[in-house]
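Residue numbers (the numbering used here): 96 to 170.
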(Lines of atoms letter the chains of each structure in order from A; the text may use other names.)
(Lines give C-alpha, C1' and ligand atoms only; values in the text may rest on other atoms or scores of the structure.)
Protein backbone atom coordinates (compact mmCIF):
# COMPACT_ATOMS: atom_id res chain seq x y z
CA UNK A 96 0.00 0.00 0.00
CA UNK A 97 2.87 2.38 0.84
CA UNK A 98 4.41 1.73 -2.58
CA UNK A 99 1.16 2.60 -4.34
CA UNK A 100 0.77 5.89 -2.42
CA UNK A 101 4.43 6.82 -2.97
CA UNK A 102 4.23 6.06 -6.70
CA UNK A 103 1.01 8.06 -7.05
CA UNK A 104 2.46 11.01 -5.15
CA UNK A 105 5.68 10.92 -7.18
CA UNK A 106 3.77 10.69 -10.46
CA UNK A 107 1.50 13.56 -9.46
CA UNK A 108 4.45 15.77 -8.52
CA UNK A 109 6.25 14.88 -11.74
CA UNK A 110 3.18 15.67 -13.86
CA UNK A 111 2.69 18.96 -12.00
CA UNK A 112 6.30 19.93 -12.69
CA UNK A 113 6.00 19.05 -16.38
CA UNK A 114 2.74 21.02 -16.63
CA UNK A 115 4.31 24.05 -14.93
CA UNK A 116 7.32 24.01 -17.25
CA UNK A 117 5.07 23.67 -20.31
CA UNK A 118 2.76 26.46 -19.15
CA UNK A 119 5.69 28.81 -18.42
CA UNK A 120 7.26 28.08 -21.79
CA UNK A 121 3.96 28.73 -23.59
CA UNK A 122 3.34 31.93 -21.65
CA UNK A 123 6.81 33.46 -21.98
CA UNK A 124 7.82 32.06 -25.37
CA UNK A 125 7.61 35.45 -27.11
CA UNK A 126 9.69 37.19 -24.44
CA UNK A 127 12.36 34.47 -24.51
CA UNK A 128 12.69 34.68 -28.29
CA UNK A 129 12.84 38.48 -28.18
CA UNK A 130 15.56 38.36 -25.51
CA UNK A 131 17.61 35.87 -27.53
CA UNK A 132 17.32 37.91 -30.74
CA UNK A 133 18.02 41.26 -29.08
CA UNK A 134 21.13 43.03 -30.33
CA UNK A 135 22.17 45.93 -28.13
CA UNK A 136 22.99 49.23 -29.74
CA UNK A 137 26.79 49.58 -29.85
CA UNK A 138 27.94 52.63 -27.98
CA UNK A 139 31.10 54.47 -28.81
CA UNK A 140 33.35 54.91 -25.81
CA UNK A 141 33.55 58.44 -24.49
CA UNK A 142 36.83 60.17 -25.20
CA UNK A 143 37.93 62.93 -22.91
CA UNK A 144 40.35 65.48 -24.29
CA UNK A 145 42.18 67.02 -21.36
CA UNK A 146 44.71 69.74 -21.92
CA UNK A 147 47.17 70.24 -19.11
CA UNK A 148 48.92 73.57 -19.15
CA UNK A 149 51.64 74.41 -16.69
CA UNK A 150 53.12 77.81 -17.28
CA UNK A 151 56.87 77.83 -16.92
CA UNK A 152 58.36 79.82 -14.09
CA UNK A 153 60.86 82.36 -15.33
CA UNK A 154 64.08 83.16 -13.50
CA UNK A 155 62.86 86.62 -12.49
CA UNK A 156 59.77 85.18 -10.75
CA UNK A 157 61.81 82.47 -9.11
CA UNK A 158 64.19 85.00 -7.54
CA UNK A 159 61.46 87.30 -6.23
CA UNK A 160 59.31 84.55 -4.76
CA UNK A 161 62.18 82.83 -2.94
CA UNK A 162 62.93 84.19 0.57
CA UNK A 163 66.21 86.01 0.89
CA UNK A 164 68.96 83.96 2.42
CA UNK A 165 70.73 85.29 5.45
CA UNK A 166 67.87 87.45 6.59
CA UNK A 167 65.79 86.49 9.56
CA UNK A 168 62.62 88.02 10.83
CA UNK A 169 63.17 90.29 13.82
CA UNK A 170 61.79 88.84 16.99
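Here a beta-carbon is modelled for each residue, glycine too, at the ideal position from N, C-alpha and C.
Reduced DSSP category for residue i - H, G, I as helix; E, B as strand; rest coil
{"i": "residue 148", "result": "coil"}
Spatial distance of residue i from residue j (CA atoms)
{"i": "residue 132", "j": "residue 113", "result": "26 Å"}
{"i": "residue 143", "j": "residue 108", "result": "60 Å"}
{"i": "residue 123", "j": "residue 111", "result": "18 Å"}
{"i": "residue 127", "j": "residue 120", "result": "9 Å"}
{"i": "residue 116", "j": "residue 146", "result": "59 Å"}
{"i": "residue 101", "j": "residue 118", "result": "26 Å"}
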